[in-house]
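Q: I'd like to ask some things about the structure below.
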């Protein structure tokens, strides 16, 4: 089972259908798309494969092996022409609105250090940052609450509800300002 409680996925066929952009290839790299119906959009298989095999940087830049290279060389492995894709490391963060970071401390898929590093860099740039780092929260904990109204007391026993309530308050304050 993987971190989402799903069986292991075979990614080879998906990645073969969505080949990486080669040098000199004129098409734009696959990097994002609007929210769609997950039951009918084949790109969700691509997103899952890129996530499982940690290939997002490769596909965003068209450089095969970049993700593996950043694992050892960190941000210094990112070529100059692609640094705009990594604003936390290379961008001017000073103009950002206030930010909320929600990350489980016990996340085994994405280390909490990713969020604490983002928090430090954002604060250093003068950005107001609100954090919610629940101690017993695994990856995707916020999506596992199910269909629950977090604004009622009936939800009090559901893990992650207090974190989601804080997110709602943050969003309400953001809209009010």
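Numbering (our numbering), first residue to last: 8 to 184. Where is the CB? At the ideal position from N, CA and C, for every residue including glycine.
Give a yes or no on whether the C-beta atoms belonging to residue 91 and residue 114 are separated by under 8 Å.
A: Looking up residue 91 in the chain shown gives position 84. Looking up residue 114 in the chain shown gives position 107. Not closer than 8 Å, so no.
Q: Tell me which residue opens and which closes the alpha helix (DSSP H) that residue 169 is part of.
A: Start at 1 with the first residue of the chain shown, and residue 169 comes out as number 162. Unbroken alpha helix (DSSP H) run through residue 169: 168-183.
Q: Do residue 85 and residue 77 have their CB atoms nearer than 8 Å?
A: Sequence index remark: in the chain shown, residue 85 carries index 78 (1-based). Sequence index remark: in the chain shown, residue 77 carries index 70 (1-based). For residue 85 and residue 77, yes; Cβs fall inside 8 Å.
Q: When the Cα of residue 1 is compared with those of 176, 124, 75 and 120, which residue comes out closest?
A: The requested residue 1 does not occur in the structure, where the chain is confined to residues 8 to 184.
Q: Should residue 105 be labelled buried (16 or more other beta-carbon atoms within 10 Å of its own) or exposed?
A: Working through the chain shown from its first residue, we reach residue 105 at position 98. Its Cβ having fewer than 16 others within 10 Å, residue 105 is exposed.
Q: Quick one: using the 10 Å Cβ neighbour count with 16 as the cut-off for buried, is residue 15 buried or exposed?
A: Stepping through the chain shown from its first residue, residue 15 is reached at position 8. By the 10 Å Cβ count, residue 15 comes out exposed.
Q: Does the beta-carbon of residue 88 have 16 or more other beta-carbons within 10 angstroms, so that it is buried, or is it exposed?
A: The count along the chain shown starts at 1 and reaches residue 88 at position 81. By the neighbour-count rule (16 or more Cβ atoms within 10 Å), residue 88 is not buried but exposed.
Q: State the DSSP-derived secondary structure class of residue 3, mapped to helix, strand or coil.
A: Since the first and last residues shown for the chain are 8 and 184, residue 3 lies out of range.
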